[in-house]
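Colleague:
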Amino acid sequence: MPFSTTPRLGFVGAGRLARCLAAVWSRAGYPVSAIASRSAASAHEFAGELPQCLVANDASAVAQHADIVFLTVPDDSIGATANALRLDQVRDGTKAIVHCSGATPLDVLAGAQAQGADIGGFHPLFLFGGLPSDQTRIAGCSVTIEASGALHDTLTELVQALGCHPLSIPPGGRLLYHAAAHYAASFALCSLSETVTLWKELGFAEDDALRAVLPMLAGTIETAREKGLPGALAGPVSRGDAGIVIKQLALLQDLGGDHAALYALLSRRAVALAKRRASPPPAQALDAMSHAIELVLNGTGPSDD
Numbered sequence: 001m002p003f004s005t006t007p008r009l010g011f012v013g014a015g016r017l018a019r020c021l022a023a024v025w026s027r028a029g030y031p032v033s034a035i036a037s038r039s040a041a042s043a044h045e046f047a048g049e050l051p052q053c054l055v056a057n058d059a060s061a062v063a064q065h066a067d068i069v070f071l072t073v074p075d076d077s078i079g080a081t082a083n084a085l086r087l088d089q090v091r092d093g094t095k096a097i098v099h100c101s102g103a104t105p106l107d108v109l110a111g112a113q114a115q116g117a118d119i120g121g122f123h124p125l126f127l128f129g130g131l132p133s134d135q136t137r138i139a140g141c142s143v144t145i146e147a148s149g150a151l152h153d154t155l156t157e158l159v160q161a162l163g164c165h166p167l168s169i170p171p172g173g174r175l176l177y178h179a180a181a182h183y184a185a186s187f188a189l190c191s192l193s194e195t196v197t198l199w200k201e202l203g204f205a206e207d208d209a210l211r212a213v214l215p216m217l218a219g220t221i222e223t224a225r226e227k228g229l230p231g232a233l234a235g236p237v238s239r240g241d242a243g244i245v246i247k248q249l250a251l252l253q254d255l256g257g258d259h260a261a262l263y264a265l266l267s268r269r270a271v272a273l274a275k276r277r278a279s280p281p282p283a284q285a286l287d288a289m290s291h292a293i294e295l296v297l298n299g300t301g302p303s304d305d
């Protein structure tokens, strides 16, 4: 279906993502016409931040006032929300239903599609903090789109209005895409948590540990931006210090738990990156590290060889 150059946008869900997108799009000239939320207070607060935004009773009421309805509800609620839509009551209203999940496939929107709506996915690769600064920090990030035809073109324009970069994902690829994205977000936090946990063994307070490692993480990200992943790799693997890696694996095994297994899995990835460097470490050193890593992952240990 064709869309105007500035389609009316509606939201079901008034959380961090919705409020950030709505505010930026509204300033860019896109009318945000209606909002519905399980929390009446959240809906009214959302609408109060935008010019002429209606608080609607439910998703079907939002659809009566919008060309594109964004479902910004939890993954488990997307299908039920879409199936409850009654688009046959809409006159000159919704042309598309778009969910903002990274993992949920588009077939959960089949009920809306059967009623004649275009369907799509719109997933910003961004951690929304719920702060006003989200509206400026989101610029420069990427947004993954899954849609076709005119809707794809319109969603691409909406990405550009955010100051972001559009990415397209093939049908059926959302779950793998989303699983991989965890490594740059939640799993990065898990890596920091492992640092804190291990440093607590030395008496470090969590605040002191984070204060120490966050600048290092920021520097790593900036170096990766400039030099790529292999060029940014640092530490004993990048230098070919097999002896250090082997001793650290043995130390972490002595601590118990899964500390050594986690270190070994990540070191395996580091070895693969080191091999891609312009000047890789000696093959003999990488082979020695790989052998020690596999011993740990097989349930023995580098000192048992």
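If you're matching positions, the sequence shown starts at 1 in full-length UniProt numbering and goes up one per residue.
We put the beta carbon where it would ideally sit given N, CA and C, even for glycine.
#1: Label Lys95 either buried or exposed according to how many other C-beta atoms from any shown protein chain fall within 10 Å of its C-beta, with 16 as the threshold for buried.
#2: Would the stretch 96-110 count as touching the stretch 132-140 if we require 3 or more Cβ pairs under 8 Å?
#3: Three or more C-beta pairs under 8 Å: does that hold for the stretch 156-170 against the stretch 192-209?
#4: For Ala234, which of Gln253, Pro280 and Phe46 has the nearest alpha-carbon?
#5: Using the three-state DSSP reduction, which class does Pro31 fall into: helix, strand or coil?
#6: Using alpha carbons as the reference points, say which of Ala23, Gly140 and Tyr263 lies closest to Leu131.
#7: Expressed to the nearest angstrom, what Euclidean distance is found between the alpha-carbon atoms of Val12 and Pro2?
#8: Grab the span of the beta strand (DSSP E) containing Glu146 for me, first residue to last.
#9: Between the alpha carbons of Val55 and His178, how many angstroms are there, rounded?
#10: Is Leu176 buried or exposed, if buried means 16 or more other CB atoms sit within 10 Å of its CB?
#11: Could you spell out where the beta strand (DSSP E) holding Ile97 opens and where it closes?
#12: Just the Cα atoms here: how many angstroms apart are Asp305 and Ser267?
#13: Does the beta-carbon of Met216 have 16 or more other beta-carbons within 10 angstroms, so that it is buried, or is it exposed?
#14: Name the DSSP beta bridge partners of Gly228, please?
#15: In angstroms, rounded to a whole number, what distance separates the CA positions of Ala264 and Asp118?
#16: What number of angstroms, rounded off, separates the C-alpha of Ala152 from the C-alpha of His44?
#17: Can you tell which of Gln52, Ala66 and Arg225 has the C-alpha that lies nearest to the C-alpha of Asp58?
Modeller: Let's see:
#1: Locating residue 95 in the sequence shown gives position 95, counting from the first residue. Label assigned to Lys95: buried.
#2: no
#3: no
#4: In the sequence shown, the residue the question calls residue 234 occupies position 234. The shortest Cα separation from Ala234 among Gln253, Pro280 and Phe46 belongs to Pro280.
#5: Position 31 of the sequence shown, counted from the start, is the residue given in the question as residue 31. Three-state DSSP puts Pro31 in coil, outside helix and strand.
#6: Residue numbering aside, residue 131 sits at position 131 when the sequence shown is read from its first letter. Closest by alpha carbon: Ala23.
#7: Against the sequence shown, residue 12 aligns to sequence position 12. Against the sequence shown, residue 2 aligns to sequence position 2. Roughly 22 Å separates the two Cα atoms.
#8: Working through the sequence shown from its first residue, we reach residue 146 at position 146. That run of the beta strand (DSSP E) goes Ser142 to Glu146.
#9: Looking up residue 55 in the sequence shown gives position 55. Looking up residue 178 in the sequence shown gives position 178. Cα to Cα, Val55 sits roughly 32 Å from His178.
#10: Against the sequence shown, residue 176 aligns to sequence position 176. Leu176 is exposed by the Cβ-count criterion.
#11: Counting from one through the sequence shown, the residue named residue 97 turns up at place 97. Unbroken beta strand (DSSP E) run through Ile97: Ala96 to His99.
#12: Start at 1 with the first residue of the sequence shown, and residue 305 comes out as number 305. Start at 1 with the first residue of the sequence shown, and residue 267 comes out as number 267. Bear in mind that the predicted position of Asp305 carries a pLDDT of just 48, short of 50, making it unreliable; the figure below should be weighed with that in mind. Straight-line Cα distance between these residues: approximately 18 Å.
#13: One-based indexing of the sequence shown puts residue 216 at position 216. Met216 comes out exposed.
#14: As a first step, residue 228 is located in the sequence shown; it is residue number 228 there, counting from the start. Gly228 pairs with nothing; no bridge assigned.
#15: Against the sequence shown, residue 264 aligns to sequence position 264. Against the sequence shown, residue 118 aligns to sequence position 118. Roughly 46 Å separates the two Cα atoms.
#16: The residue labelled residue 152 in the question sits at position 152 within the sequence shown. The residue labelled residue 44 in the question sits at position 44 within the sequence shown. The identity of residue 152 in the sequence shown is His, whereas the question assumes Ala. Distance between the alpha carbons of His152 and His44: 30 Å.
#17: Here residue 58 refers to the residue found at position 58 when the sequence shown is read from its first residue. Nearest option by C-alpha distance: Ala66.
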